[in-house]
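Q:
2 protein chains.
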Amino acid sequence: MTKINSLRVHDVRFPTAATGDGSDSINKGDYSATYVELTTDGPHTGTGFTFTNGRGNEITCAAVRALAHHVEGRSLADCFSVDFVRDLTADVQLRWLGPEKGALHMATGAIVNAVWDLRAKVEGKPMWRLLAEMPTAELIACVDFRHIDDALTPDEAAAILDKGRDGLADRLAAISEDGFPSYTTSVGWLGYPDEKVRALTREAYAQGWRAMKMKVGGPIEDDVRRAGIIRAEIGPDALLMMDANQIWGVGEAIDNMARLADFDPYWIEEPTHPDDILGHARIQQAVAPVRVATGEVAANRVIFKQLLQADAIRVMQVDACRVAGVPEVLAELLLAARFGVPVCPHSGGVGLCELVQHVAIFDYLRVGTSLDGRMVEYVDHLHEHFTDPVRTNNGRYLVPQAPGYSSDLRAESIAEYSFPQGPVWR
Amino acid sequence: MTKINSLRVHDVRFPTAATGDGSDSINKGDYSATYVELTTDGPHTGTGFTFTNGRGNEITCAAVRALAHHVEGRSLADCFSVDFVRDLTADVQLRWLGPEKGALHMATGAIVNAVWDLRAKVEGKPMWRLLAEMPTAELIACVDFRHIDDALTPDEAAAILDKGRDGLADRLAAISEDGFPSYTTSVGWLGYPDEKVRALTREAYAQGWRAMKMKVGGPIEDDVRRAGIIRAEIGPDALLMMDANQIWGVGEAIDNMARLADFDPYWIEEPTHPDDILGHARIQQAVAPVRVATGEVAANRVIFKQLLQADAIRVMQVDACRVAGVPEVLAELLLAARFGVPVCPHSGGVGLCELVQHVAIFDYLRVGTSLDGRMVEYVDHLHEHFTDPVRTNNGRYLVPQAPGYSSDLRAESIAEYSFPQGPVWR
Numbered sequence: 067m068t069k070i071n072s073l074r075v076h077d078v079r080f081p082t083a084a085t086g087d088g089s090d091s092i093n094k095g096d097y098s099a100t101y102v103e104l105t106t107d108g109p110h111t112g113t114g115f116t117f118t119n120g121r122g123n124e125i126t127c128a129a130v131r132a133l134a135h136h137v138e139g140r141s142l143a144d145c146f147s148v149d150f151v152r153d154l155t156a157d158v159q160l161r162w163l164g165p166e167k168g169a170l171h172m173a174t175g176a177i178v179n180a181v182w183d184l185r186a187k188v189e190g191k192p193m194w195r196l197l198a199e200m201p202t203a204e205l206i207a208c209v210d211f212r213h214i215d216d217a218l219t220p221d222e223a224a225a226i227l228d229k230g231r232d233g234l235a236d237r238l239a240a241i242s243e244d245g246f247p248s249y250t251t252s253v254g255w256l257g258y259p260d261e262k263v264r265a266l267t268r269e270a271y272a273q274g275w276r277a278m279k280m281k282v283g284g285p286i287e288d289d290v291r292r293a294g295i296i297r298a299e300i301g302p303d304a305l306l307m308m309d310a311n312q313i314w315g316v317g318e319a320i321d322n323m324a325r326l327a328d329f330d331p332y333w334i335e336e337p338t339h340p341d342d343i344l345g346h347a348r349i350q351q352a353v354a355p356v357r358v359a360t361g362e363v364a365a366n367r368v369i370f371k372q373l374l375q376a377d378a379i380r381v382m383q384v385d386a387c388r389v390a391g392v393p394e395v396l397a398e399l400l401l402a403a404r405f406g407v408p409v410c411p412h413s414g415g416v417g418l419c420e421l422v423q424h425v426a427i428f429d430y431l432r433v434g435t436s437l438d439g440r441m442v443e444y445v446d447h448l449h450e451h452f453t454d455p456v457r458t459n460n461g462r463y464l465v466p467q468a469p470g471y472s473s474d475l476r477a478e479s480i481a482e483y484s485f486p487q488g489p490v491w492r
Numbered sequence: 067m068t069k070i071n072s073l074r075v076h077d078v079r080f081p082t083a084a085t086g087d088g089s090d091s092i093n094k095g096d097y098s099a100t101y102v103e104l105t106t107d108g109p110h111t112g113t114g115f116t117f118t119n120g121r122g123n124e125i126t127c128a129a130v131r132a133l134a135h136h137v138e139g140r141s142l143a144d145c146f147s148v149d150f151v152r153d154l155t156a157d158v159q160l161r162w163l164g165p166e167k168g169a170l171h172m173a174t175g176a177i178v179n180a181v182w183d184l185r186a187k188v189e190g191k192p193m194w195r196l197l198a199e200m201p202t203a204e205l206i207a208c209v210d211f212r213h214i215d216d217a218l219t220p221d222e223a224a225a226i227l228d229k230g231r232d233g234l235a236d237r238l239a240a241i242s243e244d245g246f247p248s249y250t251t252s253v254g255w256l257g258y259p260d261e262k263v264r265a266l267t268r269e270a271y272a273q274g275w276r277a278m279k280m281k282v283g284g285p286i287e288d289d290v291r292r293a294g295i296i297r298a299e300i301g302p303d304a305l306l307m308m309d310a311n312q313i314w315g316v317g318e319a320i321d322n323m324a325r326l327a328d329f330d331p332y333w334i335e336e337p338t339h340p341d342d343i344l345g346h347a348r349i350q351q352a353v354a355p356v357r358v359a360t361g362e363v364a365a366n367r368v369i370f371k372q373l374l375q376a377d378a379i380r381v382m383q384v385d386a387c388r389v390a391g392v393p394e395v396l397a398e399l400l401l402a403a404r405f406g407v408p409v410c411p412h413s414g415g416v417g418l419c420e421l422v423q424h425v426a427i428f429d430y431l432r433v434g435t436s437l438d439g440r441m442v443e444y445v446d447h448l449h450e451h452f453t454d455p456v457r458t459n460n461g462r463y464l465v466p467q468a469p470g471y472s473s474d475l476r477a478e479s480i481a482e483y484s485f486p487q488g489p490v491w492r
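In order, the protein sequences belong to chains G and A.
Going by the working numbering, the first residue of the first sequence is number 67, and it counts up by one from there.
Going by the working numbering, the first residue of the second sequence is number 67, and it counts up by one from there.
1. Kindly indicate which three-state DSSP category S479(A) falls into: helix, strand or coil?
2. Could one say the Cβ of P165(A) lies closer than 8 angstroms to chain G's Cβ atoms, at least one of them?
3. Excluding the 5 residues preceding and the 5 following C64(G) in the sequence, name in chain order all residues of the same chain whose CB lies nearer than 6 angstroms to its CB.
4. Would you identify the three-state DSSP class for H136(A), choosing helix, strand or coil?
5. Rounded to whole angstroms, what is the Cα-Cα separation between Q372(A) and G406(G)?
6. Within 10 Å of its beta-carbon, does E261(A) have 16 or more other beta-carbons around it, so buried, or fewer, so exposed?
7. Quick check on the DSSP output: the beta strand (DSSP E) that includes N71(A) runs from which residue to which?
8. Does the pairing of the segment 150–159 of chain A with the segment 448–458 of chain A give three or more beta-carbon distances under 8 angstroms?
9. Should V456(G) and V425(G) be called a contact, given that it needs their Cβ atoms to be closer than 8 angstroms?
10. Cutting at 6 angstroms between CB atoms, please list the residues of its own chain near A169(A), excluding the five before and the five after it.
11. Hey, out of A327(A), A319(A), Q375(A) and R325(A), whose CA is closest to D216(G)'s CA?
12. In this structure, what does DSSP give as the bridge partners for W275(G)?
13. Relative to chain G, which residues along the segment 359–375 of chain A have a C-beta separation below 9 angstroms, given in chain order?
14. What's the C-alpha gap between L326(A) and I334(A)?
15. Since A468(G) is in the beta strand (DSSP E), which residue starts that stretch and which ends it?
16. Express the C-alpha separation of L234(G) and E222(G) in angstroms, rounding to a whole number.
17. Going by C-alpha distance, which of E362(G), G257(G) and G391(G) is nearest V381(G)?
18. Using the beta-carbon of each residue, which ones in chain A are nearer than 8 angstroms to V209(G)?
19. Out of M280(A), P247(A), Y97(A) and D429(A), point me to the one whose CA is closest to V78(A)'s CA.
20. Which residue's Cα is closest to the Cα of L305(G): N311(G), W491(G) and R297(G)?
21. Taking 8 angstroms as the cut-off, decide whether the C-beta atoms of R404(G) and S248(G) are in contact.
22. Below 9 angstroms between beta carbons is the criterion; list the residues of the segment 136–164 of chain A that meet it against any residue of chain G, in chain order.
23. I need the straight-line Cα distance from L196(A) to S473(A), nearest angstrom please.
24. Whose C-beta lies closer than 8 angstroms to the C-beta of S436(A) among residues of the same chain, with five residues either side of it excluded?
25. So what's A376(A) in DSSP terms, helix, strand or just coil?
26. Mind pulling the chain A residues with CB within less than 8 angstroms of K94(G)?
27. Suppose only complete runs of 4+ residues qualify. What are the alpha helix (DSSP H) ranges in the segment 237–294 of chain G, listed by chain order?
28. Alpha carbon to alpha carbon, how far is C387(A) from E478(A)?
29. Kindly list the residues whose CB is nearer than 7 angstroms to the CB of S413(A), restricted to its own chain and excluding five residues on each side of it in sequence; keep chain order.
30. Should R322(A) be flagged as near chain G, meaning a C-beta pair shorter than 8 angstroms?
31. For P469(G) and K191(G), which I take to be in contact (beta-carbon distance under 8 angstroms), what is that distance rounded to the nearest angstrom?
32. Mind checking who G114(A) pairs with in its DSSP beta bridge?
33. Using the Cβ count rule (16 or more neighbours within 10 Å means buried), how would you classify R357(A)?
34. Could you tell me which residues DSSP puts in a beta bridge with F452(A)?
35. Name the residue from R237(G), V178(G) and D321(G) whose alpha carbon lies nearest to the alpha carbon of E287(G).
36. Could you check whether A173(A) and T100(A) sit closer than 8 angstroms to each other, using their CB atoms as the reference points?
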């Protein structure tokens with residue numbers, strides 16, 4: 067049985083801030099990864115990461131090191147239980163720095179994802195297949211139901227996963243042929259001038275995209291003007307999503323969305339502070355039928371639980387590596403299914419597309435079991451640094467086939483972009 | 067005008083885990099401080115810290131270093147505006163690691179508190195007096211109302227602070243004579259055997275304490291037995307508070323409090339996950355008239371806002387250094403006043419008593435303006451390491467008089483307990 071020998075962490079940063087890619091109302095980042103490698107006594111290396119925005123990546127690296135003793139020397143077989151998850155999330159000293167939030171929880175996600183990547187490689191399966199084929203009891207055994215069992219019991223979760231076996235082969239056949247629906251965020255970053263927005267929108271439409279996301283949260287007149295440009299380019303039928311990246315207050319979000327309603331937004335993403343469950347609920351009531359979407363910085367399953375309980379979101383955007391890795395993402399997918407809310411994972415950054423394609427496909431195959439309202443975000447950044455990059459065709463993700471979680475960075479990229487010693491940063 | 071030259075951060079850890087002091091259902095810590103010193107071009111040094119639980123203190127130290135450039139070289143006069151707060155809390159790259167939560171936000175608290183300590187020293191006033199005497203407009207100008215203005219507008223906050231001037235001198239005279247009410251947590255840590263609990267309870271009662279807190283969240287039969295011991299010692303009139311340190315699920319909390327109701331608890335603290343606003347609201351409804359109390363790990367003002375909006379807590383336990391320092395604590399005190407909920411600050415740890423005495427006194431003098439239901443937690447740990455330690459008499463805090471926030475550690479203590487190079491850790 068595979069044993070984990072050691073954990074190595076790399077501080078990898080891509081200098082994206084200079085170009086305006088990835089800039090929105092709140093963030094202007096050098097897209098970065100706190101990248102974990104688990105060496106073993108076997109042929110495989112498990113990899114996982116959490117995405118950060120540049121400065122501060124050394125903090126999540128330090129958090130990974132603080133947690134490393136929980137996996138070093140451990141048998142891989144011993145890493146798929148609630149006890150394992152709690153060794154990391156409820157460490158009696160480290161927990162104070164969260165609990166289950168912020169830098170420490172992101173570091174936990176990087177480590178736990180590396181453990182799962184390792185397992186998928188050992189079993190020779192892409193992550194979506196590993197999960198889709200796992201017995202229900204094994205999946206349930208990984209999930210920490212503490213603090214969510216008032217909304218979802220293990221038995222209810224098991225029923226969802228059991229039911230998800232029905233028709234699984236047909237669903238897999240469908241997406242193997244057609245790919246998985248997605249939308250693009252690459253057209254409307256705040257850093258782009260109007261003419262660049264127009265040109266990128268036209269180009270994306272020509273490439274087959276029928277769902278596009280723009281950033282809002284600048285001066286409202288600018289948002290209105292840019293929305294007009296994009297809507298004019300894509301016509302009335304394509305979906306236009308808007309993303310405020312948390313900048314608005316609750317009342318401000320409601321007021322601004324009244325202005326932007328003219329452009330028929332499909333959803334408003336992150337309209338206010340991500341911790342504000344009650345605020346999101348008020349906004350959702352006010353802007354319906356426009357959907358409220360959030361999740362990329364939702365700290366953990368307890369936040370998602372409440373967003374669902376309060377009918378505060380109608381699109382759930384899980385992030386694959388802000389929470390404690392695969393088992394917590396699974397908890398969130400199950401909560402969404404329990405409440406009948408579609409999951410459209412957050413993506414972009416460094417390698418998030420690579421991860422969430424597995425999440426979305428697994429969700430479709432075994433949990434949510436529908437494509438209705440499901441789309442994976444697509445951002446065309448930095449894929450070239452991965453050994454198994456996402457592949458898209460006509461606005462859809464092709465189903466990944468390589469074993470693992472598609473999380474391996476190319477060795478040359480690690481060397482070149484390591485901070486501060488890599489050639490790019492020297 | 068004072069200029070901040072440089073920021074130094076010390077990783078200071080006290081080996082408390084070995085004794086069982088400070089152990090509860092979730093935490094078993096080596097009480098530690100991420101201790102910040104701001105050197106200036108004048109005679110004063112500003113100090114601030116965030117409390118951590120041992121391992122991981124290097125993470126908050128790293129976070130302080132990542133934020134240091136926002137204060138180094140800055141004029142002190144430029145540190146008392148919303149713009150200053152947002153330079154730290156909305157740093158375009160670091161914000162991703164929160165936002166406003168976890169290690170990064172705790173580090174922000176350490177720095178911001180050091181800035182305020184510096185100002186209090188420059189003005190020659192203890193922190194409570196600096197705040198109590200500040201013009202309303204100056205206090206309001208420090209507070210970031212973004213994301214809380216749906217519950218409290220700047221005008222409403224100003225009205226509270228203006229009204230707080232009435233009778234201020236009388237209130238000050240009263241606590242100058244009598245001290246500020248407090249309660250003790252030193253009797254019922256989970257790590258203590260029954261006989262030690264009994265002896266400590268008896269001793270505390272003899273010292274004048276009429277409000278005591280016990281830890282719960284172990285096996286319920288143990289909790290029941292220990293509650294019986296303490297209630298028998300203190301009689302029916304003294305207050306008995308219970309603290310579950312987040313271990314319970316929502317339903318479990320309600321069930322267990324039904325068992326513990328026999329011992330007439332005054333409040334149940336941290337009955338479940340600190341992010342669970344809706345869960346706390348359900349618990350508060352179920353356990354009333356017992357009060358739900360929480361706040362020591364509430365991540366920020368947005369969480370407190372919702373706990374109040376949802377009638378989820380009837381005692382608010384702000385922490386002086388988990389949130390972004392004095393201005394965010396001020397926001398939380400104002401929110402509590404707006405909703406009519408008493409503030410009983412969290413204390414204990416390293417130096418938290420030293421800080422929160424100022425918070426509670428200022429709240430009494432200018433914001434909450436009542437002692438009804440107000441108590442400061444008191445834990446008899448580690449005061450000897452501070453140059454201006456808390457002083458108590460007959461179960462009450464005496465009003466501190468030295469300029470600053472009482473946050474200066476003794477130089478010898480820093481040297482001896484620095485991790486990992488100090489003599490204690492070598």
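For glycine and all other residues, C-beta sits at the position ideal for the given N, C-alpha and C.
A: Taking the coordinates as given:
1. Per DSSP, reduced to three states, the secondary structure at S479(A) is helical.
2. Nearest CB-CB separation between P165(A) and chain G: below the 8 angstroms threshold.
3. Chain G is shown only over 67 to 492; residue 64(G) falls outside these bounds and no answer can be derived.
4. helix
5. 25 angstroms
6. exposed
7. I70 to R79
8. The segment 150–159 of chain A, when compared against the segment 448–458 of chain A, does not touch it at the 8 angstroms Cβ threshold.
9. no
10. If we look at A169(A) and ignore the five residues flanking it on each side, its Cβ neighbours are I125, T126 and A129.
11. A319(A)
12. Answer by DSSP bridge pairing: none, since W275(G) is not bridged.
13. V363, A365, N366, V368, I369, K371, Q372 and Q375
14. 10 angstroms
15. Segment: none, A468(G) is in no beta strand (DSSP E) and carries neither H nor E.
16. 19 angstroms
17. E362(G)
18. In chain order: nothing, as chain A lies at least about 14 angstroms away.
19. Y97(A)
20. R297(G)
21. no
22. A156, D157, V158, Q159, L160, R161, W162, L163 and G164
23. One alpha carbon belongs to L196(A), the other to S473(A), and they sit about 15 angstroms apart.
24. P408 and Y430
25. When DSSP states are grouped into helix, strand and coil, A376(A) belongs to the coil group.
26. V158 and Q159
27. 260–272
28. 23 angstroms
29. C419, V422, V442, E443, Y444 and V445
30. The displayed chain sequence assigns Asn, not Arg, to residue 322(A). By this cut-off, N322(A) is not an interface position.
31. Yes, P469(G) and K191(G) are in contact; Cβ-Cβ is about 6 angstroms, under 8 angstroms.
32. V102(A)
33. buried
34. According to DSSP, which records beta bridges pairwise, F452(A) is partnered with L475(A).
35. D321(G)
36. yes
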